[in-house]
Amino acid sequence: MTDKKSKSVFMEGAITSEFIGNSIYKHQTKTNIGAHNIFLGQVRADVINDKTVLAITYTAYLDMANQKFHEIRESAFEKFELTCMHIYHSLGTVKAGEICLFVFVSAPRRKVVFEALEYIVEAIKADVPVFGKEIFEDETHQWKVNS
Amino acid sequence: MTDKKSKSVFMEGAITSEFIGNSIYKHQTKTNIGAHNIFLGQVRADVINDKTVLAITYTAYLDMANQKFHEIRESAFEKFELTCMHIYHSLGTVKAGEICLFVFVSAPRRKVVFEALEYIVEAIKADVPVFGKEIFEDETHQWKVNS
Amino acid sequence: MLITIKYFGQLTEITHTNEETLDMLEGTLIYELLETLYRKYNTLKTKDFQVAQNQELVDKNTKLTGQEIALLPPFAGG
Amino acid sequence: MLITIKYFGQLTEITHTNEETLDMLEGTLIYELLETLYRKYNTLKTKDFQVAQNQELVDKNTKLTGQEIALLPPFAGG
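Residue numbers (the numbering used here), protein chains in the order written: chain A, 41 to 187; chain B, 41 to 187; chain C, 5 to 82; chain D, 5 to 82.
This is the structure:
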């Protein structure tokens, strides 16, 4: 019951809490799962030089990004005994407080989901060509850099 | 904006995906949060001596369990720079595929949520007096032990 | 000295009660209380459990204080 | 040899285009292509970016193969 098929990672706009709740619901038929671990990236209303971030607009080098997501997926399934794994990332504009990244891993037992989730999130941050334009309230912007 | 108030951890029956989705939704007003990490414990339909687990019935030494949850909460806020933390555990009967534990931590940046979540989940498993009776399809049972 | 003893999980299948009160002498140690319980419930001795006094796990050489005692089988939270 | 060059993120604010095609000699190295681009876009040199050829990050001493080149500013996924 290992669900390894590749699906589209990118979604237009924010990832809603309903979408996440529904994704959790769908796993209740997989009764060999004992532990889920979920990471959510949320857009922060950072204040930079007295200006507040209202939203981030995401773009990506799509062909390469999809290829990288595929490699991260394959590599995580190789390293960790996961039952399933889902990754969703926003494209376009995501407002402060909204969710732009949703990573969901599941396994029979808990130890492996902690390791796998951190591995996947770090790999996404490091390897996937996604770009973020932080939009301030006065309509100026700056380009986000992962740390 | 640190939300440290203690709330009731125990809920009667399974923790629904709607409840989890709604809990995520409520955090969208906290725009200093950049990273959420969620652990979900799901009841497995384990097969033991040819019999399948249909459900687990949870009981607890409530006074001590609430005290331990409080201590875990205080200790996690001391160790990690978290914006908020929520823990929910089921009491009563939870069917295979349903969720019995929901731990939710949030912080401005990601590194701390990975560490905090694993710390909290391991502490719950080790220190909180909760007991689980695994009910088989033939109505016999056995008592679960955390590993 | 009246001691309230609480039983949890599979231990209740041996004691057939969740709670009882025993009258023990001042200065009694936990393991002496357990000896009393083993005489009352034969198979209790074969079971794995920890003892809490006043909601904290205690060593079997701890003195009874008159507060609530709980016999706790292995935890299974989450 | 026609090379397609793609620009992303803040680099597009310098190039004012997402993509262009340049005719380069066979055997040209990435850093030679970059010299050409720096002459065309003055401030490109001041920007931090990596180069991908055929969707893999490459060293600046790599030979152009005729496949797609992308100039990628720092990643900001998640």
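Where is the CB? At the ideal position from N, CA and C, for every residue including glycine.
Rounded to whole angstroms, the gap between the alpha carbons of Phe144 (chain B) and Leu15 (chain C) is 32 Å. Not a single C-beta of chain A is nearer than 8 Å to the C-beta of Gln57 (chain D).
Across the segment 101-124 of chain A, CB contacts with chain D closer than 7 Å involve Tyr101, Asp103, Met104 and Gln107, in sequence order along the chain. Across the structure, Glu177 (chain B) and Thr69 (chain B) are spaced so that their CA atoms are roughly 45 Å apart.
CA-to-CA, the gap between Tyr11 (chain D) and Leu76 (chain D) works out to about 7 Å.
Going by beta carbons, Gly70 (chain D) and Lys165 (chain A) fall outside the 8 Å limit. Boundaries of the beta strand (DSSP E) harbouring Asn77 (chain A): Ala75 to Gln82, taken from the DSSP string. In the three-state reduction of the DSSP assignment, Phe50 (chain A) falls in the strand class. Within its own chain, the residues whose Cβ lies closer than 6 Å to the Cβ of His129 (chain B), once the five positions on either side in sequence are excluded, are Val49, Phe50 and Leu141, listed in chain order. Proximity to Leu131 (chain A) across A:Val153, A:Thr97, A:Ile64 and A:Gln107 peaks at A:Thr97, based on C-alpha coordinates. Just measuring C-alpha positions, the residue of B:Leu157, B:Leu122 and B:Arg150 sitting nearest Arg150 (chain A) is B:Leu157.
When the beta-carbon positions are compared, Ala95 (chain B) and Lys135 (chain B) come within less than 8 Å of each other. One finds nothing in chain A with a Cβ atom closer than 7 Å to the Cβ of Lys44 (chain D); even the nearest lies about 21 Å away. Counting the other CB atoms within 10 Å of its CB gives Met125 (chain A) a total of 16 or more, which places it among the buried residues. Within chain B, no C-beta atom comes less than 8 Å from the C-beta of Phe53 (chain C); the nearest is roughly 11 Å away. With distances taken between CA atoms, Glu30 (chain D) lies nearest to D:Lys67 out of D:Lys67, D:Thr47, D:Ala80 and D:Ala74. Neighbours of Gly82 (chain D) in chain A, taken as residues whose beta carbon is under 8 Å from its own, are Gly81, His129, Cys140, Leu141, Val161, Ile164, Lys165, Val170 and Asn186 in chain order. Secondary structure at Ser146 (chain A): strand, using DSSP grouped into helix, strand and coil. Taking every protein chain shown into account, the CB of Arg43 (chain D) has fewer than 16 other CB atoms within 10 angstroms, so this residue is exposed.
Rounded to the nearest whole angstrom, the C-alpha separation of Val93 (chain B) and Ala80 (chain C) is 15 Å.
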